[in-house]
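Undergrad:
What follows is the structure, given as structure tokens:
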């Protein structure tokens, strides 16, 4: 649905732009295409890398790693798996829900979800191109530590039914 | 021209290395290779579906939105308004995190402050509205709401923290880079 809205927004913007000024529209599309083309190899690299990663790290393996583990070891492992992998949300959330039903701890799941969303080890090659090594490193490291804190708070606040 | 050519080949080193890894996996473990290809095909589809409209919008934004306007809303001194707008754009976004970086680059080029850029990246990564709805359904209201309540101040604090670790020249360097890049 959000994809549809994105296309709708792009289409509406294009139409308005086209009626207002054709040349500017052309220039805009050209700029967009150039930027896309420039980063495309990095995007391909990241997607290929994610393919390999998920071939070895599927739901069962993740479940084994954080399923019946408890304490900080499981939380650390869950957060590391989340930091390294890149799984789209509509797969990640149902998976997390399934893991929870199969006995994984809430803190572990929170660590996994939080670092999965905020930390992107796989996308570092793209992030470094735009922001350089230092910012990419600082952003990911602080996001990683923060996701541990989020997990801790969720473990304390949210009660499992 | 010469420099461009060299850059042109260099850009493909990273995907080439990974592609070579696929060759190795093909020889060692064919089932893992098949699984990897399946995920890759899915990822390519996702990228080719979501990224083009983002870049169209970015191109149009680059051409149409004057620097002064964006600086007013997201620039240094835009205060709470700037934080709010950064959250809004990031949360309304669709697509994986790697799509956020070119958007951030255009916003920088147009004068958004670095602090707001970091807020925007934080929002894109973790408070996206479609994702939040997914989370509500899969993990329940207390889980999703607690995470959101911690994330919103967390993103702001992290943005402040990261900017405080950077020297003024380093941030200026990043802006220069954003200016030189196509995006």
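Chains as they are written, first to last, in my numbering: chain A, 445 to 605; chain B, 3 to 185. In this text, a Cβ means the ideal position worked out from N, Cα and C, and glycines have one as well. Being a predicted model, the structure only gives us computed values, none of them experimental.
1. What is the rounded straight-line gap between the Cα of residue 88 of chain B and the Cα of residue 28 of chain B?
2. Examine the Cβ distances between the segment 588 to 601 of chain A and the segment 545 to 552 of chain A and report whether three or more of them are shorter than 8 Å.
3. Does any C-beta atom of chain A lie closer than 8 Å to the C-beta of residue 3 of chain B?
4. Kindly list, in the order they appear in chain D, the residues whose Cβ is closer than 8 Å to that of residue 543 of chain A.
5. Where does residue 169 of chain B fall in DSSP's three states?
6. Taking Cβ-Cβ distances below 7 Å as the criterion, which residues of the segment 478 to 505 of chain A are in contact with chain B?
7. Enumerate, from N- to C-terminal direction, the unbroken alpha helix (DSSP H) stretches of 4 or more residues contained entirely within the segment 117 to 161 of chain B.
8. Using a C-beta cutoff of 8 Å, does residue 13 of chain B count as contacting chain A?
9. Using 7 Å as the cut-off, classify the Cβ of residue 146 of chain B as near or not near the heavy atoms of the ligand GDP, replying yes or no.
10. Can we say the segment 121 to 135 of chain B touches the segment 91 to 109 of chain B, given the rule of at least three CB pairs closer than 8 Å?
11. Check the Cβ of residue 590 of chain A against every Cβ in chain B and list those closer than 7 Å, keeping chain order.
12. Check the Cβ of residue 564 of chain A against every Cβ in chain B and list those closer than 8 Å, keeping chain order.
13. Should residue 26 of chain B be labelled buried (16 or more other beta-carbon atoms within 10 Å of its own) or exposed?
14. If you reduce the DSSP assignment to three classes, tell me which class residue 71 of chain B lands in.
15. At 9 Å on the CB atoms, spell out the chain B contacts of residue 530 of chain A, in chain order.
16. For the segment 9 to 43 of chain B, enumerate the residues whose C-beta is nearer than 9 Å to any C-beta of chain A, in chain order.
17. Could you give the distance in angstroms between the alpha-carbon of residue 104 of chain B and the alpha-carbon of residue 156 of chain B?
18. Counting C-beta neighbours from all protein chains within 10 Å, is the total for residue 518 of chain A 16 or more, i.e. buried, or is it exposed?
19. Within the 8 Å Cβ cut-off, does residue 523 of chain A reach chain B?
20. Check for me: the alpha helix (DSSP H) holding residue 476 of chain A runs from which residue to which?
21. Mind checking whether residue 149 of chain B and residue 587 of chain A have CB atoms under 8 Å apart?
22. Of all the residues that make up the segment 69 to 84 of chain B, which are near chain A by a beta-carbon distance shorter than 9 Å?
23. Which residues of chain B have a Cβ atom closer than 7 Å to the Cβ of residue 463 of chain A, listed in chain order?
24. Taking C-beta pairs closer than 7 Å, name the residues in chain A that residue 106 of chain B reaches, listed in chain order.
TA: Let's see:
1. Looking at the two C-alpha atoms, the distance is approximately 44 Å.
2. Yes, the segment 588 to 601 of chain A touches the segment 545 to 552 of chain A.
3. Annotation note: pLDDT 37 at residue 3 of chain B (below 50); position unreliable, coordinate value reported separately. Chain A contact via Cβ: absent.
4. Here the protein chains are A and B, and chain D is not one of them.
5. Three-state DSSP puts residue 169 of chain B in coil, outside helix and strand.
6. So the close ones are 478, 479, 480, 482, 483, 485, 486, 487, 488, 489, 490, 491, 492, 493, 494, 495, 496, 498, 499 and 500.
7. Complete alpha helix (DSSP H) runs here, min 4: 131 to 141.
8. At least one CB atom of chain A sits nearer than 8 Å to the CB of residue 13 of chain B.
9. The model on display carries no ligand, and the ligand GDP is accordingly not part of it.
10. Taking one beta carbon from each stretch, the segment 121 to 135 of chain B and the segment 91 to 109 of chain B have 3 or more pairs nearer than 8 Å; the two touch.
11. Result: 156 and 160.
12. Within 8 Å Cβ-Cβ: 99, 100 and 127.
13. By the neighbour-count rule (16 or more Cβ atoms within 10 Å), residue 26 of chain B is not buried but exposed.
14. In the structure shown, residue 71 of chain B sits in a helix (DSSP, three-state: H, G or I).
15. Those within 9 Å of residue 530 of chain A in chain B are 45, 98, 99 and 100.
16. Within the segment 9 to 43 of chain B, the qualifying residues are 13, 14, 15, 16, 17, 18, 19, 20, 21, 23, 24, 27, 31, 33, 34, 35, 36, 37, 38, 39, 40, 41, 42 and 43.
17. Cα-Cα distance, rounded: 23 Å.
18. Around the CB of residue 518 of chain A, 16 or more other CB atoms lie within 10 Å, so the residue is classed as buried.
19. Chain B contact via Cβ: absent.
20. Per DSSP, the continuous alpha helix (DSSP H) segment holding residue 476 of chain A begins and ends at 466 to 500.
21. Pairing residue 149 of chain B with residue 587 of chain A gives a Cβ-Cβ distance that is not under 8 Å.
22. For the segment 69 to 84 of chain B, which is checked against every Cβ of chain A, not one residue is closer than 9 Å.
23. Ordered by position in chain B, no residue passes the 7 Å Cβ test against residue 463 of chain A, which lies about 13 Å from the chain.
24. What residue 106 of chain B touches in chain A, judged by beta-carbon distance under 7 Å, is 574, going in chain order.
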